[in-house]
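Contents: one structure, followed by commentary.
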Amino acid sequence: MRGLRKILFPFAILYGLITSIRNYFFDIGLLSSKKYKLPIIVVGNLNVGGTGKSPMVEYLIRLLQDEYKLATLSRGYRRKSKGFVLAEDGVTSNELGDEPMQFYSKYKKCSVAVDADRQNGINKLQDIVNPEVIVLDDAYQHRKVKAGFYVLLTKYNDLYVDDYILPTGNLREARKGANRADVIIVTKCPTELSKLDQEEILKRIQPLKRQKVFFSSIKYDEKIFNNEKSFVLRDLKNTFTLVTGIANPRPLLGYLNSLKLKYEHIAFNDHHHFSERDIELLARKEFVITTEKDYMRLKDRLKNVMYLPIQTQFMNNNEEFDEMIFDYIKKDLQKTGL
């Protein structure tokens with residue numbers, strides 16, 4: 026695979042040139058970017074793949090939902106519906122997508138919607154919900170919307186500064202796209218990451234003076250859940266089946282191994298649509314544990330499945346991050362007179 030990616034390097038140059046020209050046209054105003062009269066926070070990345078966007082969006086929901094009338098807008102990756110969909114009773118993960126369905130299932134104070142056209146999605150949310158703040162999920166490259174605050178995520182063991190443009194690497198755009206960020210968060214760090222290691226990463230990232238870099242890790246819940254019950258994970262004695270449809274299951278495997286649990290692992294591609302054949306296979310297993318995202322697609326089709334929740338956990342200075350978010354929102358609301 027690496028050899029093939031190297032062969033495709035000329036295409037990476039072409040792709041990089043196209044995305045750079047596009048960004049330049051937005052920067053100089055040749056392509057229009059719409060600004061809205063309400064605070065809009067973007068969570069995104071430069072790399073393709075799992076940098077922890079969903080846990081970060083959930084962190085912002087928990088932070089803001091009691092203070093403001095909040096909405097999230099995602100594209101609803103791999104959903105079977107089209108256009109704008111607002112989450113409501115009776116909606117399914119096929120209509121919303123697994124991650125927005127996860128948000129809706131957990132946070133009833135927050136309106137959840139999907140639309141690949143973010144401008145249309147924001148307009149619809151304003152007409153129907155009239156939120157005070159919107160969090161845009163996975164919209165860092167969606168330049169048609171001019172957000173007020175950009176949160177850029179980069180994974181600890183796959184920093185954007187070490188990556189290359191698609192298809193040679195996994196970057197959606199050139200590394201200098203990071204300059205649009207207000208905050209850069211290095212995600213999925215090992216919990217024992219030292220201050221010295223953090224300083225070395227800062228030197229590699231070389232943030233702008235106006236940018237603040239934070240470090241976060243994934244915190245796994247002590248319990249597994251379904252709609253009816255919960256169990257303490259480390260108390261499991263029998264072998265179970267772990268099912269993952271995520272970009273990188275290695276951190277989860279490491280966590281389960283640290284608990285010395287016995288399991289078999291069935292790995293699917295990210296956002297996998299479980300077929301009837303898949304369901305038949307999993308139904309024959311005695312006990313299935315999956316990720317919360319995958320559970321959204323399995324809960325109505327399997328009786329023997331539970332999920333393990335995760336959260337973003339800042340390694341330090343989470344109060345400073347929270348304050349930056351609140352300061353931005355307050356200033357933006359004052360500016361627009363809302």
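In the numbering used here, each residue carries its 1-based index in the sequence shown increased by 25. Beta carbons: idealized from backbone N, C-alpha and C, even for Gly.
{"query": "When P215, A172, E253 are compared against V330, the one with the closest alpha-carbon", "result": "E253"}
{"query": "Three CB pairs or more closer than 8 angstroms across the region 177-190 and the region 67-85", "result": "yes"}
{"query": "Assigned exposure category for S79 - 16 Cβ within 10 Å defines buried", "result": "buried"}
{"query": "Residue range of the alpha helix (DSSP H) that includes K62", "result": "Careful: K62 lies outside any alpha helix (DSSP H) and carries neither H nor E."}
{"query": "Given S57 as reference, the closest of V238, H167, L261, V116 once Cα atoms are compared", "result": "H167"}
{"query": "Buried versus exposed, by CB contacts within 10 Å (16 or more), T97", "result": "buried"}
{"query": "In chain order, each beta strand (DSSP E) run of at least 3 residues that lies wholly inside the region 161-241", "result": "174-180, 208-212"}
{"query": "Rounded separation between Y61 and N155 - CA only", "result": "12 angstroms"}
{"query": "Span of the alpha helix (DSSP H) around F109", "result": "Taken as a continuous stretch (DSSP letters only), F109 belongs to no alpha helix (DSSP H), as it is neither H nor E."}
{"query": "Spatial distance of I354 from V208 (CA atoms)", "result": "15 angstroms"}
{"query": "For I291, three-class secondary structure by DSSP", "result": "strand"}
{"query": "Among R104, L333, R103, L121, the one whose alpha carbon lies nearest that of L111", "result": "L121"}
{"query": "Beta-carbon separation (whole angstroms), Y84 vs T337, contact threshold 8 angstroms", "result": "5 angstroms"}
{"query": "T337 - DSSP class collapsed to helix/strand/coil", "result": "strand"}
{"query": "Separation of S242 from I190, as counted between CA atoms", "result": "26 angstroms"}
{"query": "Cα-Cα separation, L258 to L307", "result": "20 angstroms"}
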